[in-house]
Amino acid sequence: MESEGKLLKIKNLRKKFGEFTAVNDINVKMFENEIFALLGHNGAGKTTAISMITGLIMPTKGDGE
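In this note's numbering, each number is its position in the sequence shown, counted from 1, plus 1.
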């Protein structure tokens, strides 16, 4: 069930550095009044994903609305 007040939708977010793929096609929906967390081991791409979502770095592919 999706909550009212959708806040952010990320579609097919990808970041490549040369031949290395740091983030590979993340799809996520974040809603108001809900807690969102990215979990993963070291080097999983969490910081890169957040940097793209916040606009610090440009994604290779993907869209947000």
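Ideal Cβ positions, reconstructed from N, Cα and C, are used throughout, including at glycine.
No experiment lies behind these values; they were computed from the predicted model shown.
Sequence-distant Cβ neighbours of residue 6 in its own chain, meaning closer than 8 Å and more than five residues away, are 32, 33, 34.
At a Cβ-Cβ threshold of 8 Å, residue 61 and residue 30 do not count as neighbours. The Cβ atoms of residue 23 and residue 46 lie closer than 8 Å to each other. Residue 14 sits close to residue 27, with the two beta carbons spaced by under 8 Å. Beta-bridge partners assigned by DSSP to residue 11: 29, 65.
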